[in-house]
Amino acid sequence: MNNLVEENLKNTLPTNIAQGLESALAYLPGGKTAKLEKPQTEGLFNHILFITTATDRCVFRARRHVSNEAGDAYMQYMYEATGFIQNGGSFKLRNIADEVDFIKRALAAGLPVPKLIHADEDWMLIEYVTGKTLFDLLEAGEVKFLPKIVQSMNLAHSQGIVYADRWTGNEMIDSQGNVRMIDFDIEWFYEGGNDGTLEALEMAWTIFNAMRVTSNRDDLLNIVETEILPSLKVWGYDISKMKQFIAGLCNFYLDPNKPSNNWSLPTSLYVAMAEPANRLVSMFSN
Ligand SMILES: Nc1ncnc2c1ncn2[C@@H]1O[C@H](COP(=O)(O)OP(=O)(O)O)[C@@H](O)[C@H]1O
Ligand SMILES: [Mg+2]
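The working numbering runs 23 ahead of the 1-based position in the sequence shown.
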């Protein structure tokens, strides 16, 4: 904490988070003089800080302790639009301890989640992944990584792990071109048991959102049709469930009355979505 900017950054944090950060910096070799940065975009549920020491870089992660009523309502509306809730599905925000458990389980299964450096009750230190989010790549028109992401999710599913909330902002491509998954604050449940519903939702969620956020919808839809859909069929995903989920998400985002707020993405990202959305839904129709 050696300059004014970082003192100011620290002062923007709630007291308990600032205390957690102090403990994290005390734990980390060279932490006392580390450089702190915020990511470019901040979500609703977490405090994320990048910590750079003389020798290493890592990520401090803690939950926001704000009331998330508006956010909860938004998510509830979105999940209901897919039909997931009405069919016995639900979601919840994990606390840090539960997220740490998830990360340990995923690491034990050999899945590409950040290494856990240290876990406390209310915060964790995890590996910093050098790379870009799928969201950033798609927004810039780079669509070729989607099949790799889908493959990586299938690998997780084959080990009984569903990441949840893969909306392109939580999937990264590292500097070697490998898939890395981050951010496991949301957990999905399904009362019908392990019948492939969550796995179908995960695939549908990612594919729909990739179409929604990319500036290159034509190329993306071609990749979905020629590469991704055939793989999903071979792997045994429930294509008709996926169709229902994708159609529901299309309706949600094209609904002029959908709840919207300051963390929603710009309208310009989905004004022209009706036609590609229909094309996507029809691909999953047979
Ligand atoms: N381990 C990590 N390595 C590199 N970047 C990260 C890491 N964790 C988070 N980020 C960056 O910070 C952003 C927000 O973090 P994320 O964990 O997705 O939380 P939230 O979505 O709640 O803000 C990510 O989109 C990513 O750009
Ligand atoms: Mg995120």
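For every residue, glycine included, the Cβ atom is placed at its ideal position computed from N, Cα and C.
Bear in mind the structure is a predicted one, so any value in this text is a computation, not a measurement.
For Thr75, the three-state DSSP class (helix, strand or coil): Strand at Thr75.
Do you know how far the Cα of Val202 is from the Cα of Asn25? At Asn25 the pLDDT is 48, less than 50, meaning the model places this residue with poor confidence and gives no usable figure here.
CA-to-CA distance, Thr76 to Phe107, given in whole angstroms: For Phe107 and Thr76, the distance between alpha carbons rounds to 44 Å.
Go ahead and label Ser305 buried or exposed: buried means 16 or more other beta carbons lie within 10 angstroms of its beta carbon, across all protein chains shown. exposed
Going by CA-CA distance only, name the one from Met195, Phe212, Lys167 and Asp242 that's closest to Met204. Met195
Leaving out five residues before and five after Asn274 in sequence, what residues of the same chain have Cβ atoms less than 7 Å from its Cβ? Cβ neighbours of Asn274 within its own chain (closer than 7 Å, five residues either side excluded): Ala104.
Between which two residues does the beta strand (DSSP E) holding Gly112 run? Gly112 to Leu116
Does the Cβ of Glu144 have 16 or more other Cβ atoms within 10 Å, making it buried, or fewer, making it exposed? exposed
DSSP state of Leu67, grouped into three classes? coil
Option in Leu157, Asn309 and Leu139 with minimal Cα separation from Pro253: Asn309
Is any heavy atom in ligand 1 found nearer than 7 Å to the beta carbon of Thr64? yes
Using alpha carbons as the reference points, say which of Ala227, Val166, Leu148 and Thr78 lies closest to Asn239. Val166
Using the rule of at least 16 other Cβ atoms within 10 Å of the residue's Cβ for burial, across every protein chain shown, is His180 buried or exposed? buried
Can you tell me whether Pro137 sits near ligand 1, meaning its C-beta is under 7 Å from at least one heavy atom of the ligand? yes
Below 8 Å between beta carbons: does that hold for Leu272 and Phe231? yes
Report whether the distance from the Cβ of Asn245 to the nearest heavy atom of ligand 1 is below 7 Å. no
By Cβ distance below 7 Å, which residues in the same chain neighbour Pro37 in space, the five residues on each side in sequence not counted? His88
Determine the DSSP secondary structure at Phe307, reduced to helix, strand or coil. coil
For Glu122, the first and last residue of its enclosing alpha helix (DSSP H): Ile119 to Ala131
What number of angstroms, rounded off, separates the C-alpha of Ile184 from the C-alpha of Thr229? 16 Å
Residue closest to Glu65, alpha-carbon to alpha-carbon, out of Phe268, Asn193 and Phe212: Asn193
Is the closest heavy atom of ligand 2 to the C-beta of Asp206 under 7 Å? yes
I'd like the span of the beta strand (DSSP E) that includes Ala85, first residue to last. Looking at the DSSP string, the run of the beta strand (DSSP E) that includes Ala85 is Arg80 to Arg86.
With distances taken Cα to Cα, identify the nearest neighbour of Thr395 among Leu130, Lys115, Glu122 and Ser198. No answer is possible for residue 395: it lies beyond the span of the chain, which begins at 24 and ends at 309.
Following a CB-centred definition, is Gly192 positioned closer than 7 Å to any heavy atom of ligand 2? yes
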